[in-house]
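> Sharing a structure with you now.
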Amino acid sequence: MPDISLYYFDAVGFGEAVRLAFHIGGVPFEDVRFSRDQWVNEFKAKAPSGKCPWLEFKDGGFITESKAILVYAAGRSGLVPFDLLELAVCEQAYNVALDAYSVMRCLIHDRGDREENLKDLRTRLLAADKVLGSRQSKGEAWVNGKSMTYADLGIFGFFKNAVDRLPDTNVQQYTHLYQVYEAVLHHPRVKDYYASRTQ
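Just so you know, we're using the working numbering here: the sequence shown kicks off at 12 and counts up by one.
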């Protein structure tokens, strides 16, 4: 049995990037998924901070907070840059995309005024797209202009929610974000992961 267990909903959300990071690096982990009802009735009481996702280790230790979990998983898989400028670029890209995802979640879960949320989301996605475009190289989709990092996986997870659940957002218009999404989606290890999920 793996020494690491990831606890999260059976959904993309904040968990998919972590799953992909472990899979890309060939790091064994237990993928514990649950429904909303199971979360309320069983898993919330087990969560160290009362929130998910969280990682639990064989020795009883844990990591909470989605970003910390992603960085750990990506670090195990060689997807965290050592260069400080590259790291700052990744942090910038992840956080500006996260800013848009906060509104995306309101739309997915039908919170607030839909038209206002759509307008807000478009504004934030345009800002995120501009930021990403400032660092991408010609012919290279990755956030740092060189290779896949945790930031690309995080953006993929956020964007996949829009692709799968918010068709009226017309995600292809956000060229640089969409390039990241496509690059991750067509990575051989990611294709392998999704192929294994359909078997």
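Positions of the beta carbon are idealized from the N, C-alpha and C atoms, including for glycine.
1) Can you tell me the Cα-Cα spacing of ASP131 and ALA111, whole angstroms?
2) Starting from PHE73, trace the beta strand (DSSP E) in both directions and tell me its first and last residue.
3) Would a C-beta distance cut-off of 7 Å place VAL100 and VAL142 closer than the cut-off?
4) With distance defined between alpha-carbon atoms, name the residue in ASN128, ASN155, LEU164 and ALA138 nearest to ASP179.
5) Along the chain, where does the beta strand (DSSP E) that runs through ASP124 open and close?
6) Classify MET115 as buried or exposed, calling it buried when 16 or more other Cβ atoms lie within 10 Å of its own Cβ.
7) In three-state DSSP terms, what is PHE169?
8) Would you identify the three-state DSSP class for ARG44, choosing helix, strand or coil?
9) Where does THR160 land, buried or exposed, given buried means 16+ other C-beta within 10 angstroms?
10) Is ARG208 near the ligand ADP, in the sense that its beta carbon is under 6 Å from a heavy atom of that ligand?
11) Check ALA19 in the structure and name its three-state DSSP category.
From the atom records:
1) By one-based count along the sequence shown, residue 131 stands at place 120. By one-based count along the sequence shown, residue 111 stands at place 100. About 8 Å.
2) Stepping through the sequence shown from its first residue, residue 73 is reached at position 62. Run containing PHE73: 73-75, per the beta strand (DSSP E) assignment.
3) Here residue 100 refers to the residue found at position 89 when the sequence shown is read from its first residue. Here residue 142 refers to the residue found at position 131 when the sequence shown is read from its first residue. In this structure, VAL142 does not lie closer than 7 Å to VAL100 by Cβ.
4) Residue numbering aside, residue 179 sits at position 168 when the sequence shown is read from its first letter. Among ASN128, ASN155, LEU164 and ALA138, the Cα nearest to that of ASP179 is on ASN128.
5) Counting from one through the sequence shown, the residue named residue 124 turns up at place 113. Looking at the DSSP string, ASP124 is not in any beta strand (DSSP E), and its letter there is neither H nor E.
6) Numbered from 1 along the sequence shown, position 104 holds the residue referred to as residue 115. Looking at its Cβ environment, which holds 16 or more other Cβ atoms inside 10 Å, MET115 is buried.
7) Translated into positions along the sequence shown, residue 169 becomes position 158. Reduced to three states, the DSSP call for PHE169 is helix.
8) Looking up residue 44 in the sequence shown gives position 33. ARG44 falls in the strand class under three-state DSSP.
9) Residue 160 sits at position 149 when you count from the first residue of the sequence shown. THR160 is buried by the Cβ-count criterion.
10) For the structure depicted, the ligand ADP is absent and the ligand set is empty, with no information on it obtainable.
11) Translated into positions along the sequence shown, residue 19 becomes position 8. Here residue 19 is Tyr; the residue named in the question, Ala, does not match the sequence. The DSSP-derived three-state label of TYR19 is strand.
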